[in-house]
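So in the working numbering, the last spot in the sequence shown is 234, and the numbers never skip. Following: one structure in structure tokens, then a few remarks.
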Amino acid sequence: MNVIRPHRWVVVTAPTDRGDDPRGQLGSALDALRERHPDTVFRTAVLGGSGPSITVALDEAATSGATEIVVISGQTMLDRKIDAWFRRVIGHWLRERGTDAPDIRLAPPLSDTTDYADLLDAAIAGPTTPARTTTAPLTSPAWDEIPGFTRHVLVCRGPRCSARGGPETAEALDAALEARDLGDDDVLVTQTGCMFPCTQAPVVAVYPDNSWYAGLTADRVDRFVDQHLVEGRPITEWRGARRESAILES
Ligand code: FES
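What follows is the structure, given as structure tokens:
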């Protein structure tokens, strides 16, 4: 019988630092768990990459009145670097939240708590499917040409920027470009892994202008798009601190 914990949330991160869940396996697993534990709220989150970040999921849980949040790293093989950042991001969120933070529990790594050999054995036992040559190719007419953009905007979705406003910035940028009818042939946006100056999160860079922005939060995006991307005037007061060896001046 399930123990009723009406204020319990479980947040499970995607298995990689890029937020990949290509076949929706994590989503399906959580659907099954929702049936088994109807009194618990389950959410997926990413450490880095596209999708709601851990901090966004924790904010949502806290706002909804969760008193206990269990966070599980979805890695099935332990990568110590990802594990360290996973803990750091949650520690950062707790510090920012202060005394009203709910109780956060970290689940042990999945590779420690499951019998991995049994998992592999079950996979070998099947049902297996034959590999085919009819699967989609690695090329497509849609990918033949580089888009005709004038500016390439890199939005950092590394673990630190993802914990400190990167997802909201990326979302606001998409909305602002769409509202101004700017597509890939005008401004090409790419979400990246860590771009290095994590302290300046959320970090955004614009090329070929060689302009790097620090603290480009969602509330700054409209001005950024209008002034820099539309009018071509970089916002110098939002520029990130940079080492002098930079080849070009932004
Ligand atoms: S995570 Fe964005 S610069 Fe490192």
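We treat Cβ as the ideally placed atom computed from N, Cα and C, and that holds for glycine. Bear in mind the structure is a predicted one, so any value in this text is a computation, not a measurement.
**Asked** For S234, which of helix, strand or coil comes out of DSSP?
**Response** With a pLDDT of 48 at S234, under the threshold of 50, the modelled position of this residue cannot be trusted, and the question is left open.
**Asked** What are the boundary residues of the beta strand (DSSP E) that includes I88?
**Response** D87 to L90
**Prompt:** Mapping DSSP to helix, strand and coil, what is H(-9)?
**Reply:** coil
**Prompt:** Which first and last residues belong to the beta strand (DSSP E) in which A189 is found?
**Reply:** Looking at the DSSP string, the run of the beta strand (DSSP E) that includes A189 is V188 to Y191.
**Prompt:** Helix or strand or just coil, what does DSSP make of C140?
**Reply:** C140: strand per DSSP, three-state reduction.
**DSSP state of F180 mapped onto helix, strand, coil** = coil
**Continuous beta strand (DSSP E) stretch holding S195: start and end** = S195 to Y197
**Request:** Taking P(-1) as the reference, give the member of R20, A16 and T28 with the closest Cα.
**Result:** T28
**Prompt:** Is DSSP giving T220 helix, strand or coil here?
**Reply:** Helix, per DSSP.
**Request:** Could you name each continuous beta strand (DSSP E) segment of 3 residues or more that falls completely within the region 58 to 137, going from the start of the chain to the end?
**Result:** 87 to 90
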